[in-house]
Amino acid sequence: MALLSIRNLTTIFNCEEGQLKACSNVSLDINPGQTLGIIGETGCGKSVLGMSVLRLLPANAVINGQIMYKNQDLLTLPDKEMCKVRGSEIGFLPQSPSTSLNPVLSIGEQLTEGLQLHRGMIKEKARIIALDILRSLGLKDSARTSAEYPHQLSGGMKQRVLAAISISGQPSLLIADEPTKGLDAVNRIQVVDLLRQLSRKTRASLLLITHDLKVAAALCDEIAVMYSGEIVEKGPAEQVLNNPLHPYTQGLVASLPERGLYPIPGHSPGLLDDSPGCRFYSRCPIGNEKCKCQPIINREVDGVHVRCLYIDQSGGAQQRIYGRGFQSEAG
Amino acid sequence: MDGVGFTVKPGETLGLVGESGSGKSTVARTMLGLIPPSSGRVFFQGQEVLTANGRMKKEFCGKMQIIFQHPESALNPRMKIYESLLEPMLIHRQNSSREEMKIKSRELLQQIGLSEEHLTRYPHELSGGQIQRVVLARVLSLSPQFLVADEPTSMLDASVQAQVLRILKRIQLENGIGLLFISHDIEVVSCMSDRIAVMYKGQIVESAPAEELCQNPLHPYSRLLVEAFSSLEKSSVKQVWVEDEKIDTASRCHYYSHCPHAGPACRQRPVLRETGAEHYTACWLL
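Protein sequences appear in the order of chains A and B. For the first sequence, position 170 matches number 170 in the numbering used here, and the numbering has no gaps at all. Offset between the second sequence (1-based) and the numbering used here: plus 1000.
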């Protein structure tokens, strides 16, 4: 039984330029204790997906579909009920630690706030628990940290504090939005470690939104690849990353430095574009007229769901599409 | 920055890696005279850069160029792309007439894979990767012989990063530009560079040919960096923290407090020594 199951989620922003479809027909499941990674490039709608689950989008957003969490549809919940879900049922770990903490409140105050609100503690008890949580996340001198203000902490410590806040309500699902963006190698490892610790300690499910394939590989059980608002491939992490089927996933993997930095030509079509066919068509090395006109349906190959016409049981599109060595082409 | 020294030959790429705050960008800015150094000298084609003034200084500015990390802030938001492209040419007057400059800017745009329609747009209408390419084109408009790329792709996605890096590499090889490539991503650096220098707390702690450094890192910090990239899965990489207040922090090895092998010898700051063919390391324990 899935903890969170998203069915046909479509999120549309009404803008001056028209309707911007940030998520279209997304269906996903997360089981208890599982880590699901959403990978994709900037602007593909992966953060909007996370925010749609939490219903934290601006007023011009229209969310359709179904988001079932523990047998209730989050989209039909009254606002008041939804407030109770945020924090105590679904935690959120935001992307930039330096701007996500309140600069004028001490760490302790920010941490106890959630405990008082979501777990109904009195201030004194909340303080003790807050210190415990900080200590459990490796901030040894927790009393000192909780008296400090965000500007006194290093980036890594801030990330830990945010993690502490996000799990303080004991959520069963944690949504982490690009937790490693812009970090250097050593810090990145620490964050990966931290997330691993969190999921081990709290047994919470994790929805990890990232564009870093290596982080996804290290943490996820399942991976969904998002392109221009659609899930184009979804399956067990290892299979998706080591044996990508969809041409876009293949391109993503090939553009990693260790695979030779082969770029995918062209740009994504933009979310305003509403043509019926495959969204990857204009950049796809194997696409043809058929892909352009008809809606592409998901098909399943060995437990992996792929949205491409040219994947058959024998793995028809599996020819390596992306080319020559980096240094040699440059020369 | 503390006693940093290196050379870049024409057509060669030197990669500079290190964590945030290790002084990589300071090196770049100091070399180009954007930050005055406390002491030390920089030579370009045998001539001293930092003390140059007047016409010489302007000439150096044209020949030594830099690409910054945040492309959005490198272009003037109120100038159309072609205005941004023309500006350096107008200042340096390498091409005589405005018409010639316009032709050149079109050529440049073609080289970096953008079309003419982009010329009349504003920076906010372009994506991060496109802007970084415009910046690259602008830099090239002066035909520089030395280029500093300061984290040019750290804000970009993997696929866009691959695009920009390929263009950069192609242009560098075609024009024989000496390149200083700065990044915290050792994998990207190893793809781009002939030599790699590792920086830690303002000091170059190791320098070696790219392949050698990635396969056989000697300094404990470089080893940590290389491992941090290869083994995200195992999380075997742990930084230790030994703090010995009695030792004067000003004179000991910068890596002392994190180094798993630190010994008595490390209370004095190590200098770069040759530890292999073309391989220099600043560590007493080798």
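Glycine included, every Cβ here is placed at the ideal spot set by N, Cα and C. Since this is a predicted model, take the numbers as computed values, not measurements.
Check your understanding: In chain order, what residues of the same chain have a beta carbon less than 7 Å from the beta carbon of K158 (chain A), not counting five sequence neighbours either side?
Key -> The answer, listed in chain order, is P97, S98, L101, P150.
Review point. Mind checking A1250 (chain B): buried by the 16 CB within 10 Å criterion, or exposed?
Key: Here A1250 (chain B) is exposed, its C-beta having fewer than 16 other C-beta atoms within 10 Å.
Point to revise | Same chain only: Cβ atoms within 6 Å of V1042 (chain B), ignoring 5 sequence neighbours per side | key: Once the five neighbours on either side are set aside, the close Cβ partners of V1042 (chain B) are M1031, V1049, L1050.
Practice item. Count the other C-beta atoms from every protein chain shown that fall within 10 angstroms of the C-beta of A1137 (chain B), then say buried if there are 16 or more, exposed otherwise. Key: By the beta-carbon neighbour count (other beta carbons within 10 angstroms, threshold 16), A1137 (chain B) is buried.
Check your understanding: In angstroms, rounded to a whole number, what distance separates the CA positions of L183 (chain A) and E113 (chain A)?
Key -> Approximately 28 Å between the Cα atoms of the pair.
Check your understanding: What's the C-alpha gap between P1270 (chain B) and C1253 (chain B)?
Key -> Pairing P1270 (chain B) with C1253 (chain B), the inter-Cα distance amounts to about 6 Å.
Check your understanding: How long is the line joining the alpha carbons of N288 (chain A) and Y281 (chain A), rounded to whole angstroms?
Key -> Computed Cα separation, rounded: 8 Å.
Check your understanding: Rounded C-beta distance between S1127 (chain B) and E1151 (chain B)? I'm assuming under 8 Å.
Key -> Actually they do not touch by this definition, with Cβ atoms about 18 Å apart.
Point to revise | chain B contacts made by the stretch 28 to 46 of chain A, where a contact means CB separation under 7 Å | key: Within the stretch 28 to 46 of chain A, those residues whose Cβ lies closer than 7 Å to any Cβ of chain B are, in chain order, E41, T42.
**Study point:** Boundaries (first-last residue) of the alpha helix (DSSP H) holding Y1221 (chain B)
**Key:** In the DSSP annotation of this structure, the continuous segment of the alpha helix (DSSP H) that includes Y1221 (chain B) starts and ends at 1220 to 1230.
Point to revise | Length of the line joining the Cα atoms of M1101 (chain B) and E1117 (chain B) | key: Between M1101 (chain B) and E1117 (chain B), the alpha-carbon positions lie close to 17 Å from each other.
**Study point:** Short CB-CB distance (under 8 Å) between G325 (chain A) and chain B
**Key:** The pLDDT assigned to G325 (chain A) is 40, lower than 50, so where the model puts this residue is not dependable; a value taken from the coordinates is nonetheless given after this. No, its Cβ sits nowhere closer than 8 Å to a Cβ of chain B.
Practice item. Can you grab the Cα-Cα spacing for the pair L195 (chain A) / D274 (chain A), in whole Å? Key: Between L195 (chain A) and D274 (chain A), the C-alpha separation is close to 37 Å.
Check your understanding: What residues from the stretch 1178 to 1200 of chain B come within 8 Å of chain A, judged by C-beta to C-beta, listed N to C?
Key -> Considering only beta carbons, the part of the stretch 1178 to 1200 of chain B lying closer than 8 Å to chain A consists of H1184, D1185, I1186, E1187, V1188, S1190, C1191, in chain order.
Exercise for review: Check the Cβ-Cβ distances between V232 (chain A) and every residue of chain B, and say whether any is below 8 Å.
Suggested key: Cβ-Cβ to chain B under 8 Å: no for V232 (chain A).
Point to revise | T10 (chain A) versus A:E16, A:D193, A:L3, A:L28, residue with shortest Cα-Cα distance | key: Looking only at A:E16, A:D193, A:L3, A:L28, the smallest Cα-Cα distance to T10 (chain A) is reached by A:L28.
Practice item. Note down the Cα distance separating E233 (chain A) from P244 (chain A), rounded to an integer number of angstroms. Key: As the crow flies, the alpha-carbon of E233 (chain A) is around 8 Å from that of P244 (chain A).
Review point. In angstroms, rounded to a whole number, what distance separates the CA positions of I30 (chain A) and I63 (chain A)?
Key: In a straight line, the C-alpha of I30 (chain A) is about 20 Å away from that of I63 (chain A).
Check your understanding: By Cβ distance, which residues of its chain are closer than 7 Å to P1088 (chain B), with the 5 residues on each side in sequence left out?
Key -> Correct list, in chain order: R1138, S1141, L1142.
Point to revise | Neighbour list for S1154 (chain B) in chain A, Cβ cutoff strictly below 9 Å | key: Under the 9 Å cutoff, chain A gives G182.
Review point. Ordered along the chain, which non-local residues of its own chain (more than five positions away) have a Cβ less than 8 Å from that of S1190 (chain B)?
Key: Excluding positions up to five away in sequence, the list reads G1015, I1196, A1210, E1211, L1213, C1214.
Practice item. Could you spell out where the alpha helix (DSSP H) holding P1088 (chain B) opens and where it closes? Key: First-last of the alpha helix (DSSP H) with P1088 (chain B): 1081 to 1092.
Exercise for review: Please list the segments of the alpha helix (DSSP H) lying wholly inside the stretch 102 to 183 of chain A, counting only runs of 4 or more residues, in order along the chain.
Suggested key: Those alpha helix (DSSP H) runs which fall completely within the stretch 102 to 183 of chain A and span 4+ residues are 107 to 119, 123 to 136, 142 to 147, 155 to 167.
**Study point:** 8 Å Cβ shell around G334 (chain A) - same chain, five flanking residues per side excluded
**Key:** Nothing can be reported for residue 334 (chain A), as the shown portion of chain A is limited to 1 through 331.
**Study point:** Per DSSP, the bridge partner or partners of F13 (chain A)
**Key:** Answer by DSSP bridge pairing, in chain order: A:L20, A:A61.
Practice item. Helix, strand or coil for G1276 (chain B), going by three-state DSSP, please let me know. Key: Here G1276 (chain B) carries a strand assignment [DSSP, helix/strand/coil].
Practice item. Taking the CB atoms as reference points, tell me whether Q95 (chain A) and D177 (chain A) lie closer together than 8 Å. Key: Going by beta carbons, Q95 (chain A) and D177 (chain A) fall inside the 8 Å limit.
Point to revise | Three-state class that DSSP yields for H211 (chain A) in the structure shown | key: The DSSP-derived three-state label of H211 (chain A) is coil.
Practice item. Please list the partners that S255 (chain A) has in chain B, where partner means a Cβ-to-Cβ separation under 9 Å. Key: Near S255 (chain A) (Cβ distances below 9 Å), the residues of chain B are D1157, A1158, S1159, V1160, Q1161, A1162, Q1163.
Exercise for review: Determine the extent of the alpha helix (DSSP H) in which A1210 (chain B) is found, giving its start and end residues.
Suggested key: Unbroken alpha helix (DSSP H) run through A1210 (chain B): 1210 to 1215.
Exercise for review: Check the Cβ-Cβ distances between S1127 (chain B) and every residue of chain A, and say whether any is below 8 Å.
Suggested key: Residue contact with chain A for S1127 (chain B): present (Cβ-Cβ distance below 8 Å to some residue of chain A).
Practice item. Identify whether S5 (chain A) lies in helix, strand or coil by the three-state DSSP scheme. Key: In this structure, S5 (chain A) counts as strand in the three-state DSSP scheme.
**Study point:** Proximity test, Cβ basis, 8 Å: L20 (chain A) and chain B
**Key:** Interface residue (Cβ-Cβ distance to chain B less than 8 Å): L20 (chain A) is not classified as such.
Point to revise | Residue interval of the beta strand (DSSP E) (run including G1178 (chain B)) | key: Looking at the DSSP string, the run of the beta strand (DSSP E) that includes G1178 (chain B) is 1178 to 1183.
Check your understanding: When you check each C-beta in the stretch 1016 to 1038 of chain B against every C-beta of chain A, which residues fall closer than 7 Å?
Key -> Taking 7 Å as the Cβ-Cβ cut-off, the stretch 1016 to 1038 of chain B approaches chain A at E1019, S1020, given in chain order.
Exercise for review: Check the Cβ of H211 (chain A) against every Cβ in chain B and list those closer than 9 Å, keeping chain order.
Suggested key: Chain B residues near H211 (chain A): D1157, A1158.
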